[in-house]
């Protein structure tokens, strides 16, 4: 039995490490300037057989918009940071105004090109990294983000061949 357990652990650690094929993305539109001014990208990757979550954020503070990347072991922590990021530009501090606003933010589920993402040093070129829009998650609380993060860690991803043979 101990040998079976040891084999299972070794097999798990031999899982291919690296980034997952999917990402959740969000961009905030500055209505005054009619352009995006804040970006959030949530990704998952395997490191030594364990799943970690990356929250990548960028904000328009200069001409060069570098990514700030925070890595978490637990999806709850990544979700808390992401929710705070999503809520920040919308809260005014005036309770009646904050309660009247339409709740919810939209996170888009997309394929991520790992090579292009690795080369995207800032938010100016990051849109070229994403393909195949799969759907949208509406976020009204941190647990919604935790649920969305679970979609970033599929067991396998492959293209189904078309045609009958």
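Numbering (my numbering), first residue to last: 0 to 164.
Beta carbons: idealized from backbone N, C-alpha and C, even for Gly.
For residue 17, DSSP records a beta bridge to 45.
For residue 80, the enclosing alpha helix (DSSP H) stretches over residues 74-86. Sequence-distant Cβ neighbours of residue 145 in its own chain, meaning closer than 7 Å and more than five residues away, are 74, 75, 78. For residue 140, there is no enclosing alpha helix (DSSP H), since its DSSP letter is neither H nor E. About 6 Å separates the CB atoms of residue 22 and residue 109; that is less than 8 Å, so the two are in contact.
Taking the CA atoms as reference points, residue 69 sits about 6 Å from residue 53. The Cβ atoms of residue 128 and residue 143 do not sit closer than 8 Å to each other.
Counting other Cβ atoms within 10 Å of its Cβ, residue 40 reaches 16 or more and is therefore classed as buried. Only residues of its own chain outside the window of five on either side were considered, and among them 109, 110 have a CB closer than 8 Å to the CB of residue 131, listed in chain order. Note that the C-beta distance between residue 38 and residue 51 is not below 8 Å.
Distance from the Cα of residue 105 is smallest, within the candidate group 43, 149, 134, for 134.
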